[in-house]
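Chains as they are written, first to last, in the working numbering: chain L, -18 to 330; chain X, -18 to 330.
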DNA sequence: AAACAGTTTTGAAGCGCTTCATTTTCTGAA
DNA sequence: TTCAGAAAATGAAGCGCTTCAAAACTGTTT
């Protein structure tokens, strides 16, 4: 005579454990979630049953009964970009201790896809999402309403008072780089940035201009700006080649490290030595920068801190505290001087 | 007089939509999942209600009622390794069309953590998981029993007849590289591999030896093997420096591209030219290989294919077909010749 | 032996959805 | 106008879990 068990196939259910242990389902649930409430003797029996059956509680069912999800979504523009990967990793480390996992999603810079992913995350009822927006428009209001009121923290994008956000000051970073080059005595500087309507690049360029003005130099005269559509090594190389045709500057400041690597290739190809003939500065300080053939001076984004703060904001926000107010945190980048801009520095570093 | 709605807080529920549209819950469910079953007029009303309320169905509840999850887990050793990232990306592309998303998890090479992640994925009742095992032991049986019978496909690890697996033939790749170097006339070759008890490196080294024997050369005489604990640029550099102290070989074959980049730095630092003084071959053909200062000859792993096949196997396996039998697919790597081993090739490529 | 105050255990209700046997409504032919 | 059959809409049951009021046990005190 079959018991109440409808079908013994599929994964083991809590009820199966209860049956084997000879207790009620509530007791099994309690030994898992409130062990102190159940008698040690019973607890032992239940735990044994769990082990013999290899029971793994269905998280979906749990969440359905009100438990908070332990999944955090992260939507980035490009999973292959070292910067975003390092961010993902930092975030993961940050949420690890609170037993959360990161679900990494790739919007590929496509707004449609970005929306689809956010909806998907909302449908999964994840705890919340970190979003590095794909919009180039810094004032876009497309993030005001998010599907199924997903708790969101924006990365590298100012959320106004609609959302929490964590950004790194690009303007300040651009200024940092150019100030450094000016201090070294360079006067003809080129800024090699990605597509000019990507927020980050525009802000870095503005910072670069500011650093010049600050010292009483006219940017129009001393700063050549050149922009590329892509942001990869190839793009940097091509742009730098173009730049060289119009004359050799004293220094090139690139909008990111990949572009700087490309510029390096162009310079090496033209027989120019870095840093002897020309100084080179990148941005992001990805791992490769340190280990590039000539170690690359770069602007470091405080990625670990960014991950930690973003995680904290998100967990706080998604805890459902009605008193929560949106906060924006702006982090300061840091100049890391290496050989590519300063010949006094050991080649190895 | 309050209606049956218990609490209008939290996300919008299907029932809220039904109420607003003035229909039964079943009808709302049908307009979402079986639109053809509901009258166009009603459908319109319901769809409007969905839109005004911004309803996003709770995926957890859906899965609970038997729908297959749309999440696929991917557990890798190192999320910052370009090889795994490219794999993750390829996998993502592969499952995109079937509307699945990838949940990327980082085991950091830690067996404990790997287990924890697999349990977590089982608890989430994901559709299945791709696993790049952290065990160095190729015969480990720790993957025989997985938590909550999670459907799993192993990556880069032979699953025997317990699991499906997709691997790339490391032996063959090692042979490919060394054969290439021998054909170019090099006779004193060094193999610079990562920790010798990482399966992949051991197999590549074996392949290298085989290629020598094949040509009647004694590996003991012509092949110097040197291993490093790490697998990063720094490690490669240090190892190559050590190697140079004992004399300069004709060519260095590195167990991965990062090591090769490091070796390049060491060579450049010692004033040796690649490829004129010494040839260099990497492994994995990550994106950087093509764009390294001297474009790097490398062994390409067919990552796209790997992602596609793995995805297909997993979806098939997790479809629950009882007739499913575990398959192992072995992919062949490919030699990509670039400047670092062959001076006849244009510097730019 | 009865009364009491814990301490454990129980099991039904409910989370948001889908399914499906029923009921209701519509359609067109008789 | 009636009625069979198709089409559409209904709503209760159930997915696996947690919760919580109620029931069933302790053991201690009169």
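Glycine included, every Cβ here is placed at the ideal spot set by N, Cα and C.
Minimum Cβ-Cβ distance from residue i to chain X less than 7 Å
i	result
residue 193 of chain L	no
residue 41 of chain L	yes
residue 277 of chain L	no
residue 129 of chain L	yes
residue 272 of chain L	yes
Beta-carbon proximity list for residue i, same chain, < 6 Å, skipping 5 on both sides
i	result
residue 90 of chain X	58 and 115
residue 240 of chain L	173 and 217
residue 134 of chain X	111, 145, 291, 294 and 295
residue 227 of chain X	none
residue 283 of chain L	312
residue 1 of chain L	30
residue 60 of chain L	87
residue 81 of chain L	51 and 53
residue 149 of chain L	282, 312 and 314
residue 94 of chain X	88
residue 191 of chain L	156
Per DSSP, the bridge partner or partners of residue i
i	result
residue 208 of chain X	X:174
residue 360 of chain L	The requested residue 360 of chain L is not part of the displayed model; chain L covers only -18 to 330.
residue 54 of chain X	X:84 and X:110
residue 23 of chain L	DSSP, once it has assigned bridges, lists no residue as partnering residue 23 of chain L.
residue 234 of chain L	L:172 and L:262
residue 134 of chain X	X:111 and X:145
For residue i, the nearest candidate out of the options (CA to CA)
i	options	result
residue 253 of chain L	L:229, L:264 and L:240	L:229
residue 322 of chain X	X:131, X:118, X:170 and X:109	X:170
residue 187 of chain X	X:119, X:153 and X:291	X:153
residue 194 of chain L	L:17, L:227, L:-3 and L:155	L:155
residue 214 of chain L	L:183, L:118 and L:173	L:173
residue 38 of chain L	X:124, X:102, X:49 and X:157	X:102
residue 247 of chain X	L:311, L:272 and L:255	L:272
residue 314 of chain X	X:185, X:233 and X:30	X:185
residue 260 of chain X	X:92, X:166, X:129 and X:220	X:166
residue -8 of chain L	X:105, X:183, X:148 and X:143	X:105
residue 142 of chain X	X:309, X:327 and X:191	X:309
residue 30 of chain X	X:10, X:301 and X:300	X:10
residue 109 of chain L	L:69, L:49 and L:162	L:49
residue 151 of chain L	L:219, L:137, L:13 and L:132	L:137
residue 326 of chain L	L:277, L:285 and L:305	L:277
residue 34 of chain X	X:16, X:-4 and X:64	X:-4
residue 96 of chain X	X:128, X:122, X:43 and X:76	X:128
residue 197 of chain X	X:178, X:231, X:160 and X:124	X:160
residue 130 of chain X	X:140, X:305 and X:99	X:99
residue 79 of chain L	L:66, L:158 and L:297	L:297
Min CB distance residue i to chain L below 7 Å
i	result
residue 124 of chain X	no
residue 7 of chain X	no
residue 286 of chain X	no
residue 317 of chain X	no
residue 60 of chain X	yes
Own chain, CB closer than 7 Å to residue i, minus 5 neighbours either side, in chain order
i	result
residue 279 of chain L	238, 262, 263, 264, 265, 266, 270 and 317
residue 72 of chain L	55, 83, 111, 288, 291 and 292
residue 180 of chain X	117 and 119
residue 236 of chain L	173, 174, 175, 182, 185 and 264
Close Cβ partners of residue i (< 8 Å) along its chain, the five nearest in sequence each way excluded
i	result
residue 256 of chain L	275, 320, 321, 322, 323 and 324
residue 299 of chain X	49, 108, 109 and 132
residue 210 of chain X	175, 176 and 216
residue 16 of chain L	24
residue 44 of chain L	50 and 106
residue 92 of chain L	115, 116 and 123
Proximal residues, the region 235 to 251 of chain L versus chain X, C-beta separation under 8 Å: The residues in question are 242, 243, 245, 246, 249 and 250.
Under 8 Å (Cβ pairs) to chain X, residues found in the region 64 to 96 of chain L: Within the region 64 to 96 of chain L, the qualifying residues are 66, 67, 69, 70, 73, 82, 83, 84, 85, 86 and 87.
Near-chain L residues of the region 24 to 48 of chain X (beta-carbon distance less than 9 Å), N- to C-terminal order: Within the region 24 to 48 of chain X, the qualifying residues are 35, 36, 37, 38, 39, 40, 41, 42, 43, 44 and 45.
Residues of the region 104 to 116 of chain X with Cβ closer than 7 Å to any Cβ of chain L, in chain order: 104, 105 and 106
Short-range partners of chain X found in the region 205 to 237 of chain L, where Cβ spacing is below 9 Å: Result list: 213, 214, 215 and 218.
Within 8 Å of chain X by C-beta, residues of the region -11 to 0 of chain L in sequence order: -8 and -7
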